[in-house]
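Here is the structure we will look at.
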Amino acid sequence: LGGSYVVVSYRDAAGAQASPIAETQMTAEFNSGALSGSGGCNSYSGAYMAADGAITVSPLAVTMMMCVEPEGVAEQEAAYLAALQEAAFYTLDGGQLTLSDAEGAPLVVYVVQ
């Protein structure tokens, strides 16, 4: 696990997989235990531990910019960051990284950036 990724789907507040809003990009950079990226508006950073398909993401520090455009970006970011911090497992298949919850349900799906 390592490298730069962009979100193609995430678990939204209703618990369904959703695609990012067209004008936004959510990213993650996994780098030797350090995690950082963009939630579509704010930057975030934290730490993670990953081994043998299991992953734990620490509570994330997030900048506090207020974004109202495009509509729904703040809610999208909150759902993405919540999903990211719930991750229990990961699979890396080709260029696709999937983070899953403790039951194995997908939380966030990334592709290599």
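Taking the working numbering, the leading residue of the sequence shown gets 1, the next gets one more, and so forth.
Note that the Cβ used here is the ideal one computed from N, Cα and C, for glycine as well.
Item: From this set, 82, 101, 94 and 70, which residue's C-alpha is nearest residue 5's C-alpha?; Value: 94
Item: Using the Cα positions of residue 80 and residue 111, report the straight-line distance between them to the nearest angstrom.; Value: 15 Å
Item: Kindly list the residues whose CB is nearer than 8 Å to the CB of residue 7, restricted to its own chain and excluding five residues on each side of it in sequence; keep chain order.; Value: 20, 25, 26, 27, 28, 80, 108, 109 and 110
Item: Using a threshold of 8 Å, state whether the C-beta atoms of residue 76 and residue 40 are closer than that.; Value: yes
Item: If you drop the 5 nearest sequence neighbours on each side, which residues of the same chain put their C-beta closer than 8 Å to that of residue 61?; Value: 44, 45 and 46
Item: What number of angstroms, rounded off, separates the C-alpha of residue 63 from the C-alpha of residue 42?; Value: 5 Å
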